[in-house]
Amino acid sequence: MSNRTNQSRPSPRKKPGKLIAIILLLLVVFGATGVFSFNYFIGQMLEPVGDGDLVYVQIEEGAVISDVAELLAEKSLIRDVFAFEMLAKKENTAHQIQSGYYAFSPAESAQQILDRLVTGDVADATVTIPEGRNISEFAQILEEKNICDAEAFVEETKKVSEYQKDYPLLSAIPLTEKDGVSRTLEGYLFPDTYSFSPDTEPSEVVTAMLDRFVEVYDQEYIKRTKEMGKTVDEIVIMASIVELETKLVEDKANAASVFYNRIAADMPLQSDITVDYARGEKTAVLTTEQTQFPSPYNTYINTGLPFGPICSFGETSLEAALYPAETKYLYFVADMNSGKIYFNETYEEHLEDVQKYMGN
């Protein structure tokens, strides 16, 4: 996002003294003709400055019209401070300017800019974070929407200990590394639709998403977590796996049961998507070599849950992790075309379904 202004634009006039002298001279010398000249001259000063990138302007609470005009002139968005003030006072809108973060184009006239300031047409951006995305994907979406820098956002999500002070639900996230890997806020930034201003601080974005997570993971879910004898972190990790392993809502509870059953039987989860997360690359079907990728997130070479969540999940996946179906299933395979999952108790039955729905 660029805040640079076109260097070829006319320099804004911040002091009205010279302009006033010209106006008075016109009125005295030319009379009615001077009035016409005055109106023409003011009209010219209210024309757009030119073309260029959007310019972002923060109007502070309580700012008076002179402050606003000076700021717009500094940003090369208006041609003349005095002309803009006169326009606002003529329309009796000088005291109706609304504070906020605005995105103006140099191609807008002074009248258009004033109208937007009066109506409060701020530059808040609505952004939807889809379920099943990880922090790196969040970061790219936010940067594309000009909300915050992707790298800065990722760095902010690494400050787990700082956010644990304000969010008790994060307390179970380990602060120690495992095999050289550190945890972030992965899985705890709830996917939803948010409204932010351009150039929002990454901490503000993270806080909004954590607030939403706390809202969803309510007292009923906390109570259920304790009844299961698990930590919030364990549930969050399981929900993230269920999110990416299932396409249809009706399969989620059964999928969760498979993973819980495998953990109880001390069997590796063998979830391909955990390997994808570890490798930082999504693959439709893993090779045998890829399943051996060294990482605490790889559930082929490690038993139990992976070191942390692998994405942000929706509430249906969270409910499946908290209320899994009661089954003896240990295996499942998905139809590559429909996404429908078929569950089995034995490996032999599983191989038959693999051949049926995945072929070779």
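To get our numbering, take the position in the sequence shown, counting from 1, and add 27. In this text, a Cβ means the ideal position worked out from N, Cα and C, and glycines have one as well. Since the structure is predicted, the reported quantities are computational estimates derived from the model, not experimental observations.
- A235 is positioned such that its CB atom lies closer than 7 Å to that of Y221.
- When DSSP states are grouped into helix, strand and coil, I86 belongs to the strand group.
- Within the region 217-287, the runs of beta strand (DSSP E) at least 3 residues long that lie entirely inside it are, in chain order, 220-223.
- For I300, the enclosing alpha helix (DSSP H) begins and ends at 299-306.
- With 16 or more other Cβ atoms from the protein chains shown falling within 10 Å of its own Cβ, M113 counts as buried.
- Here DSSP, grouped into helix, strand and coil, assigns V208 to strand.
- T318 and E135 have their C-alpha atoms some 57 Å from each other.
- Residue pairing by DSSP places F180 opposite no residue, since no beta bridge is assigned to it.
- Per DSSP, T318 is not a residue of any alpha helix (DSSP H), being assigned neither H nor E.
- In this structure, K185 is the residue among Y356, K185, Y327, R210 with its C-alpha nearest to the C-alpha of P229.
- Residue range 358-361 is occupied by the beta strand (DSSP E) that includes A361.
- Between G70 and P133, the gap from beta carbon to beta carbon reaches 7 Å or more.
- The beta carbons of K355 and A361 sit about 20 Å from each other, so the pair does not count as a contact at 8 Å.
- In this model, S224 and N173 are separated by some 8 Å (Cα to Cα).
- CA-to-CA, the gap between P323 and E213 works out to about 15 Å.
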